[in-house]
Every structure is written in C-alpha cells, then in structure tokens.
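Peer 1:
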Amino acid sequence: STLAVTGEAGEELPRFFIPGQVVHLYKENGLSRAAAAPCTHEALTRIHPTPRMVEDHKVKAYDEALRQACIRKPRTPRWESNEERSLCACCQADFNWAYVLKSEPQRMLARFHCFSCGKVVCDGCSQNRRAHEQLGFVVPVRTCDSCFYSPDSDP
Numbered sequence: 001s002t003l004a005v006t007g008e009a010g011e012e013l014p015r016f017f018i019p020g021q022v023v024h025l026y027k028e029n030g031l032s033r034a035a036a037a038p039c040t041h042e043a044l045t046r047i048h049p050t051p052r053m054v055e056d057h058k059v060k061a062y063d064e065a066l067r068q069a070c071i072r073k074p075r076t077p078r079w080e081s082n083e084e085r086s087l088c089a090c091c092q093a094d095f096n097w098a099y100v101l102k103s104e105p106q107r108m109l110a111r112f113h114c115f116s117c118g119k120v121v122c123d124g125c126s127q128n129r130r131a132h133e134q135l136g137f138v139v140p141v142r143t144c145d146s147c148f149y150s151p152d153s154d155p
C-alpha cells in the first residue's frame, strides 16, 4: 500500500509501508520486549542507521529477542542511567581513565551496563560474559566483576 508524500524538490513520492500488524522489538533494562505498532506509524517510514542494525535483523537475533519478549514478568534489575553514575560501580575510577581523549563522547563510549545488576561499569571491570537464565539471558552477556566473582552468582 502507498500514501502520497512530497520529496525535497516538491515531487510526489510513494510512501510504502507494510500492511498488517507490526511487532516492535525494543530493549528495556537489556531484555528484549515487544509492542504492537500501527504499520502507518511515522517512525517506520525512516531508516535510522545504528551500529548493530545488520546484526539485529538476522534470524538468530529475532529468535533471541522473541524468546525474551515472551517472558511475562521479567526479573531483570533496573538499569542505572549514565547520568546516575560518574564513576565505575566496581573500581570507582573515572570512565575516561584508560583513554587519551578525555571528552564527554568518549566517556559515553567507555560506559557499559552489567546485565546482572544493572549498574554502569567501565570496560575493564566488565570483560566477563555469563548467561543469566533466571533473568532471561540464555546467551553469555556482559557481567561486571562484582557479579561475576560473587559467591552468590551462578557458575
């Protein structure tokens, strides 16, 4: 189906959309969730390039996302926002300590979330990966040192 839209030069362009029900898969606290979206929603008329856009559209990614979205009452912890923490939750160091460039964009790139506790940590303190099936993560995900080496953590 198409709807009329005008291009930059004022010419009429067809506006394509997928007819029927669209299921929007998104992340909340690291876990995939799903929501119904109308096929005519404006956000679906544009392509937004992201670093993971090719990987996110492979069958394996859809399979994992749909399995996570089916969890009715997820037990994932609330993820801290980047603004809530100025230092790593594990080592208490500034996120820029290991980088020559001390800019805010670099600080943003140097922050990561632990999928187990939801805290913001540096790359050095979150090198380990572990599956947390009780939270819905059946494949190994980034886990901070505090959670990974905790006696209460799953081996």
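For the sequence shown, position 138 (counting from the first letter as 1) is numbered 138 according to UniProt numbering, and the numbering increases by one without interruption.
All C-beta atoms, glycine included, are put in the ideal place defined by N, C-alpha and C.
#1: Could you compute how far the alpha carbon of residue 145 sits from the alpha carbon of residue 13?
#2: Near residue 41, what residues of its chain come up, given a Cβ to Cβ distance below 8 Å and the 5 sequence neighbours on each side ignored?
#3: Do residue 85 and residue 112 have their C-beta atoms within less than 9 Å of each other?
#4: Check whether the Cβ atoms of residue 78 and residue 135 sit closer than 9 Å, and answer yes or no.
#5: Determine the extent of the beta strand (DSSP E) in which residue 32 is found, giving its start and end residues.
#6: Are the CB atoms of residue 25 and residue 93 nearer to each other than 9 Å?
#7: Identify the continuous beta strand (DSSP E) that holds residue 54 and give its terminal residues.
#8: Please classify residue 137: does DSSP put it in a helix, a strand, or coil?
#9: What does a CB cutoff of less than 8 Å around residue 139 pick up in its chain, not counting 5 residues either side in sequence?
#10: Starting from residue 26, follow its DSSP beta bridges and name the residues at the other end.
Peer 2: This is what the structure holds:
#1: Locating residue 145 in the sequence shown gives position 145, where the first residue counts as 1. Locating residue 13 in the sequence shown gives position 13, where the first residue counts as 1. Rounded to the nearest angstrom, the two C-alpha atoms are 53 Å apart.
#2: Taking the sequence shown and counting its residues from 1, the one referred to as residue 41 is at position 41. Hits under 8 Å: 22.
#3: Looking up residue 85 in the sequence shown gives position 85. Looking up residue 112 in the sequence shown gives position 112. Contact: no.
#4: Along the sequence shown, read from residue 1 onward, the residue named residue 78 stands at position 78. Along the sequence shown, read from residue 1 onward, the residue named residue 135 stands at position 135. It is not a contact, given that the beta carbons lie outside the stated cut-off.
#5: For the purposes of this step, residue 32 is taken as the residue at position 32 of the sequence shown. Counting along the chain, the beta strand (DSSP E) containing residue 32 begins and ends at 31-38.
#6: The residue given as residue 25 occupies position 25 in the sequence shown. The residue given as residue 93 occupies position 93 in the sequence shown. No, the Cβ-Cβ distance between residue 25 and residue 93 is not below 9 Å.
#7: By 1-based counting over the sequence shown, the position of residue 54 is 54. Unbroken run through residue 54 is the alpha helix (DSSP H), 53-56; no beta strand (DSSP E).
#8: Taking the first residue of the sequence shown as position 1, residue 137 is located at position 137. Here residue 137 sits in strand by DSSP.
#9: The sequence position of residue 139 within the sequence shown is 139, counting from 1. Closer than 8 Å at Cβ, skipping near neighbours: 64, 131.
#10: Indexing the sequence shown from 1 puts residue 26 at position 26. 33.
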